[in-house]
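Below: the structure, in structure tokens.
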Amino acid sequence: MAKCKMKRIEIAALLTDSKKIVERLQRRGVVEICDNTDEELVRLNTQAMIGVFEKNLNLTEQAKEIMARYVPVKTGLFDSLRGRRELTTDAFGKQVEEAEHMLKKCYEIVSLEKQIHDASEEIIRLRTQMDALEPWRELDVPMAAASTRRTRCFVGSLPGFHSREELTAALQEADDALTALEVEVVFASKEQTCLWVICLDRIAQQVEEALREMGFARPSDPGKEPPEQCIRAMQLRTGECEEIVEKARKEIAGFAGCEAGVDFLIDYFTMRKEKYEVLNRLGMTKNTMILEGYIPEKEVTRLVKELEQRFRVAITVFEPEEEEDVPVLLENNGFSSPVEPITEMYALPAKKDIDPTPVMAVFYYLFFGLMLSDAGYGCLMVLVSAIALKKFPLEGNLRKTMKMFLYSGVSTIFWGALFGTWFGDIVPVICKNFLHRPAPRMAIWFDPVSDPMKLLLFSLGLGILHLFLGLGVHFYQLWAAGKRWDAFCDTVPIYLLVLGAAPVGAGMLTEVPAILNTIGMYVLLAGVILIILTASRTSKNIFARLGGGLYGLYNAASGYLSDVLSYSRLLALGLATGVIGQVVNLLGTIPENPVVKGVLLFFVFIVGHTLNMAINMLGAYVHTNRLQYVELFSKFYEGGGRAFKPFAVHTKYVKFKEEV
2 MAKCKMKRIE
12 IAALLTDSKK
22 IVERLQRRGV
32 VEICDNTDEE
42 LVRLNTQAMI
52 GVFEKNLNLT
62 EQAKEIMARY
72 VPVKTGLFDS
82 LRGRRELTTD
92 AFGKQVEEAE
102 HMLKKCYEIV
112 SLEKQIHDAS
122 EEIIRLRTQM
132 DALEPWRELD
142 VPMAAASTRR
152 TRCFVGSLPG
162 FHSREELTAA
172 LQEADDALTA
182 LEVEVVFASK
192 EQTCLWVICL
202 DRIAQQVEEA
212 LREMGFARPS
222 DPGKEPPEQC
232 IRAMQLRTGE
242 CEEIVEKARK
252 EIAGFAGCEA
262 GVDFLIDYFT
272 MRKEKYEVLN
282 RLGMTKNTMI
292 LEGYIPEKEV
302 TRLVKELEQR
312 FRVAITVFEP
322 EEEEDVPVLL
332 ENNGFSSPVE
342 PITEMYALPA
352 KKDIDPTPVM
362 AVFYYLFFGL
372 MLSDAGYGCL
382 MVLVSAIALK
392 KFPLEGNLRK
402 TMKMFLYSGV
412 STIFWGALFG
422 TWFGDIVPVI
432 CKNFLHRPAP
442 RMAIWFDPVS
452 DPMKLLLFSL
462 GLGILHLFLG
472 LGVHFYQLWA
482 AGKRWDAFCD
492 TVPIYLLVLG
502 AAPVGAGMLT
512 EVPAILNTIG
522 MYVLLAGVIL
532 IILTASRTSK
542 NIFARLGGGL
552 YGLYNAASGY
562 LSDVLSYSRL
572 LALGLATGVI
582 GQVVNLLGTI
592 PENPVVKGVL
602 LFFVFIVGHT
612 LNMAINMLGA
622 YVHTNRLQYV
632 ELFSKFYEGG
642 GRAFKPFAVH
652 TKYVKFKEEV
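So the number in this note's numbering is just where the residue sits in the sequence shown, counting from 1, plus 1.
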């Protein structure tokens, strides 16, 4: 169906033109280049150049991050939707000429940030040291002063609070000989006591042992100057570091306006890196290069014509071999393509699969709208999506997703109008509370809140159609593959089983005409018999075939019953949106005073319906995806295809303007 047919392409050209041809292919972005496996050809080693471009790319990305921190750019709410900046070929060439100058600026930015980092770390270190020295501030000798010719000094701290008298008494109590010493308490608190002890050299060892038993600890980094002098020197150095930081910040701020140039460099080095990675995959002789890859069939004529006009080339296009792992590219019309990202999230179709995107598109929009089912919310979705598509140059999957919400919004308006839900029941609320008039009939079809059973039956009916669609595709695949008997046995009995069981199941919820019940019983019986006879048709043993048929009947009945019941979520989410919307409106009309009621309703309406819309849009998106993945895809789709990844300009910030 909607898989783009792929061709194998081989390009032989002069070696002197190889870089230009690769650049042209990168600009065109329609060829997925493969590794050349011909052992007789030489492979160019471009790892050194790739390393240079990676280094420059990392540098420019680092410079961008630094500028974002120090030179924040004011961004609007919708700036992320503005897309990439367009450049003509000439403008691109001019910016390439300035790349070296811009790269130097990036080096400067990174260097300045390193100065800020180093100075900031030194400030932290100095402040930590000053905090550690603060208790010693009153000590008027260097902390590193350990001894004189006849004396020894001990500088350190003890845990807890101690007075000078307590310490002197404790030392003398430890050893009666410790009398020739002097203790000075420099600082004392509940946590620690900082002390300075001097004693004669002959008793220094005993004093040290006594202090150690009390928990004495020397400072980790004693200075050679008095603490006060050390603190002042550190304060001076801290000020110098702060000046370095401030100066570097201002210099980085001076690069404001270079953001576009840095963005260009990131894209430029990305392109160069990818180009040399491709050059590394080519096969070469002394004078020629050989390039192989895959190309969509629709692009062949244009690319061949363009290359033959510009270069001396020999191009061969042929069908891929049966065993080749051919990449997959989806191509659908404007109605189906918005849900291609949904298919891609699950899995791309394998070689023998069909593209399920067109199959699920109609039901995807129907289910999304039925789950949200508020015409007011649908109008907002259509309005916002249309404005975004019109005003902003959206690209790729973002554009497809916005279109998906546009079509889903139209579906939501459709179902909301049928059910009479416009921002909950806001029209009847306004008529009753402010206009004092009877509310008009809002539902074109019926109100699901008043008649949920009808919506449940309708949801299950839609589910059966959805499942039958999947079975129909499975029938088509088997029939096209020549397995016509398998196509009949795998699908027709299931159709009969479900169609026959439908009136019986519906009869449990509502009245069903007797004739339908009768017909349903016969159809159900026919389906049961066919499943028993065909479920294990490959078995040669009659008893094994019967047992396999009964087991197949059990699997089919239980499986399809649970599948059909899964569609009750259409009822659940559809009711949830409407009921929550009505509750929001009810909260806004609680006051008796009409003025207060109007003001409250206004604010409750804005906040409540915004939250209700956001939550239920998320629920509709998740559960619609689930119904496609679990219920529909399981009937015919295997997946496992490999995405088509063309050699192209993979840029974040700039794009080439299309040449006419």
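Built from N, CA and C at the ideal position, the CB exists for glycine as well.
In DSSP terms, what residue i is bridged to
i      : result
Val184 : Val198
Ala189 : Thr194
Val318 : Ile10
Ile296 : Lys8
Val329 : Ala644
Asp426 : Trp423
Leu349 : Gly642
Helix, strand or coil at residue i according to DSSP, with G and I counted as helix
i      : result
Ile355 : coil
Phe312 : coil
Ala644 : strand
Lys656 : strand
Gly483 : coil
Ile445 : coil
Arg219 : coil
Ala502 : helix
Thr289 : strand
Ala649 : coil
Gly508 : coil
Leu395 : coil
Gly284 : strand
Arg86  : strand
Asp564 : helix
Val661 : Unreliable positioning characterises Val661 in this predicted model, as indicated by a pLDDT of 43, which lies under 50. The coordinate reading is nonetheless provided below. In the structure shown, Val661 sits in coil (DSSP, three-state: anything other than H, G, I, E or B).
Arg538 : coil
Glu247 : helix
Glu226 : coil
Asn434 : helix
Ser386 : helix
Asp375 : coil
Pro494 : helix
Leu179 : coil
Cys107 : helix
Val556 : Val is not the amino acid found at residue 556; the sequence shown has Asn there. Here Asn556 sits in helix by DSSP.
Phe336 : coil
Presumed contact (8 Å Cβ cut-off) between residue i and residue j, rounded CB distance
i      : j      : result
Val360 : Leu470 : 6 Å
Leu458 : Leu510 : 6 Å
Arg9   : Pro297 : Not quite, the Cβ-Cβ distance comes to about 12 Å (not below 8 Å), so this is no contact.
Ser569 : Leu461 : 7 Å
Thr578 : Phe368 : With a Cβ gap of about 13 Å, Thr578 and Phe368 do not count as contacting.
Pro504 : Gly528 : Pro504 to Gly528, Cβ: 13 Å. No contact.
Ile316 : Tyr654 : Going by Cβ atoms, the distance from Ile316 to Tyr654 rounds to 33 Å, so no, they are not a contact pair.
Met382 : Ser338 : The pair is not a contact, with the Cβ atoms about 18 Å apart (cut-off 8 Å).
Thr271 : Thr652 : 6 Å
Lys21  : Asp356 : Not quite, the Cβ-Cβ distance comes to about 36 Å (not below 8 Å), so this is no contact.
Met443 : Pro453 : Going by Cβ atoms, the distance from Met443 to Pro453 rounds to 17 Å, so no, they are not a contact pair.
Leu390 : Met405 : The Cβ separation is near 11 Å, so there is no contact.
Item to check | Continuous alpha helix (DSSP H) assignments of at least 4 residues falling wholly in the stretch 3-78 | outcome: 19-29 and 48-71
Item to check | 3 or more residues per run - each beta strand (DSSP E) lying fully within the stretch 118-168 | outcome: 152-160
Item to check | Meets three-Cβ-pair contact criterion under 8 Å: the stretch 23-35 and the stretch 642-650 | outcome: yes
Checklist entry - Quick one: any contact between the stretch 272-285 and the stretch 38-53, if contact means 3 or more CB pairs under 8 Å? => result yes
Next on the checklist: Between the stretch 94-108 and the stretch 236-251, can you find at least three pairs of beta-carbon atoms closer than 8 Å?
Outcome noted: no
Next on the checklist: List, from N- to C-terminal side, the alpha helix (DSSP H) runs of 4 residues or more that fit wholly inside the stretch 577-636.
Outcome noted: 595-627
Item to check | Unbroken stretches of the alpha helix (DSSP H), 4 residues or longer, contained in the stretch 449-478 | outcome: none
Checklist entry - Would you call the stretch 396-404 and the stretch 604-618 in contact, with 3 or more CB pairs under 8 Å? => result no
Next on the checklist: Three Cβ pairs or more, each shorter than 8 Å: is that satisfied between the stretch 153-168 and the stretch 182-192?
Outcome noted: yes
Checklist entry - Within the chosen definition, does the stretch 418-427 reach the stretch 370-379 through at least 3 CB pairs nearer than 8 Å? => result yes
Item to check | Contact between the stretch 635-643 and the stretch 19-26 (3+ Cβ pairs under 8 Å) | outcome: no
Checklist entry - On the three-pair Cβ rule with 8 Å, is the stretch 221-236 touching the stretch 137-145? => result yes
Checklist entry - Is the stretch 439-454 in contact with the stretch 598-609, if contact means three or more CB pairs nearer than 8 Å? => result no
Checklist entry - Is the stretch 168-184 touching the stretch 125-137, taking contact as three or more C-beta pairs under 8 Å? => result no
Checklist entry - Counting Cβ pairs closer than 8 Å, one from the stretch 190-208 and one from the stretch 89-103, do we hit at least three? => result no
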